[in-house]
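**Student:**
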Amino acid sequence: MSLIGVLHHEMWNDELQAWLLARDSDSIFDLFANMKDEGHPALWHLVLFGLTRLTQNPIAMQFFHLLIATGVVYVFARFAPFNQLIKCLFTFSYFPFFEYGLISRSYSLGCFINFFI
1458 MSLIGVLHHE
1468 MWNDELQAWL
1478 LARDSDSIFD
1488 LFANMKDEGH
1498 PALWHLVLFG
1508 LTRLTQNPIA
1518 MQFFHLLIAT
1528 GVVYVFARFA
1538 PFNQLIKCLF
1548 TFSYFPFFEY
1558 GLISRSYSLG
1568 CFINFFI
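For the sequence shown, our numbering begins at 1458 and goes up steadily by one.
1) May I ask you to verify whether the stretch 1534 to 1544 touches the stretch 1552 to 1561, counting CB pairs closer than 8 angstroms and requiring at least 3?
2) Ignore the nearest five residues each way along the sequence and tell me which others in Ser1563's own chain have a CB closer than 7 angstroms to its CB.
3) Could you check whether the Cβ of Leu1523 sits closer than 6 angstroms to any heavy atom belonging to the ligand SAH?
4) From Phe1486 to Ile1543, what distance separates their C-alpha atoms?
5) Can you give me the Cβ contacts of Ser1482 inside the same chain, cut-off strictly under 6 angstroms, excluding the 5 residues immediately before and after it?
6) State yes or no: is the C-beta of Leu1505 within less than 7 angstroms of the C-beta of Ala1479?
7) What is the rounded straight-line gap between the Cα of Phe1533 and the Cα of Ile1574?
8) Put Asn1470 into one of helix, strand or coil per three-state DSSP.
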């Protein structure tokens, strides 16, 4: 279902802002200088910096983000100490499915890291 959502999701300004910062930075040091007015942690921008060196198409960010969001759901479903109903309800609730699954921001990466800790 998330794949269908990603294919039909029109990226918002804040999603493309991170992509453009990463794409238009010439080096990692330049990226940090360009991020001086950003309110998000640098990890997402660093990941996008590497991704923009492989492709200039921002759709790659959406598919990479979908991969991370799928990893979040897998880690939660595999290791969370809850019953199957709670795991299913969490997976298809608003935040994991829409906010963390479709909108390409740093939130899914943060969830992925936190679930491993």
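Glycine is no exception: its CB is placed at the ideal position from the N, C-alpha and C atoms.
**Tutor:** For this structure:
1) Touching, no.
2) Counting only Cβ-Cβ distances below 7 angstroms, and skipping sequence neighbours, we find His1497, Pro1498, Leu1500 and Trp1501.
3) Annotation note on the ligand SAH: not contained in the displayed structure, which lists no ligands.
4) Between the alpha carbons of Phe1486 and Ile1543 lies a distance of about 43 angstroms.
5) Same-chain partners within the cutoff: Leu1488 and Asn1491.
6) Between Leu1505 and Ala1479, the C-beta gap is smaller than 7 angstroms, which places the two residues in contact.
7) Cα atoms of Phe1533 and Ile1574: separation of roughly 12 angstroms, rounded to the nearest angstrom.
8) Correct three-state label for Asn1470: helix.
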